[in-house]
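Working notes, structure below.
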Amino acid sequence: MNGKPQLIPGIVRKATVNKPTTISMPTGAPSVKLQKGIIPGSIRPIAAKTCVNTKPVAAPNISAASVHPISSIDQLTNQAVEEILRETKLGKLRAEQHGATAWRPCPLRKTNKHFLNRTLISAVHHNDRVKKKTTRRSRLKLSELVRNEKDEELDDAGSSSPKVKRPDTATDSDSSKAVVNLIEDSD
-14 MNGKPQLIPG
-4 IVRKATVNKP
6 TTISMPTGAP
16 SVKLQKGIIP
26 GSIRPIAAKT
36 CVNTKPVAAP
46 NISAASVHPI
56 SSIDQLTNQA
66 VEEILRETKL
76 GKLRAEQHGA
86 TAWRPCPLRK
96 TNKHFLNRTL
106 ISAVHHNDRV
116 KKKTTRRSRL
126 KLSELVRNEK
136 DEELDDAGSS
146 SPKVKRPDTA
156 TDSDSSKAVV
166 NLIEDSD
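Going left to right, the sequence shown walks through residues -14 to 172 as the working numbering numbers them.
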């Protein structure tokens, strides 16, 4: 295409500096030697190897630093084209085996694991609450049945022998309980 290499989306090329250069700083400040592979203007810690230069040196041309030799660009382009062709061939094979729908991605959505997890947790908590509620009701029902059985036994035993009515013991129970005053009691 007009002598320029074809650009394919998804291919990122790294900008590098071809040769180490120095940038002048104000007098008294050490200048930093640029290393290969570092983009000028990027924030990097000062390297241990610094050189002090008093002569001003022109800054490197950034556009020249990002230019790759033609052969490496052609290699990247060829690799990208090969990858696209490989995917196309695999898609064609799938289409021959499974029909035209094999070209499309899977129509099924991914499972919503968060939703399933929360649903299972709430179901387990609900089941625990129901189990506790049922157990509590069963115990209450059992205690009620036992109480009714005891009352029936007493009624059955009482019907064979005449009941003797006891005198009101409310006054006796009051007199049997001794009230102890802790303030006056020395024991």
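Where is the CB? At the ideal position from N, CA and C, for every residue including glycine.
On the three-state DSSP scale, how would you describe residue i?
i: THR62; result: helix
i: THR96; result: coil
i: LYS34; result: With a pLDDT of only 49 at LYS34, under the threshold of 50, the placement of this residue in the model should not be trusted; the figure read from the coordinates follows. In the structure shown, LYS34 sits in coil (DSSP, three-state: anything other than H, G, I, E or B).
i: ARG79; result: helix
i: ARG89; result: coil
i: ALA49; result: With a pLDDT of 49 at ALA49, under the threshold of 50, the modelled position of this residue cannot be trusted, and the question is left open.
From this set, the options, which residue's C-alpha is nearest residue i's C-alpha?
i: SER79; options: ALA87, SER57, LEU139; result: It is worth fixing the name first, because residue 79 is Arg in this sequence and not Ser. Comparing Cα-Cα distances from ARG79 to each of ALA87, SER57, LEU139, the minimum goes to ALA87.
i: ARG89; options: LYS77, LEU125, LYS98; result: LYS77
- Query: Which residue spans inside the segment 101 to 148 form an unbroken beta strand (DSSP E) run of at least 3?
  - Reply: none
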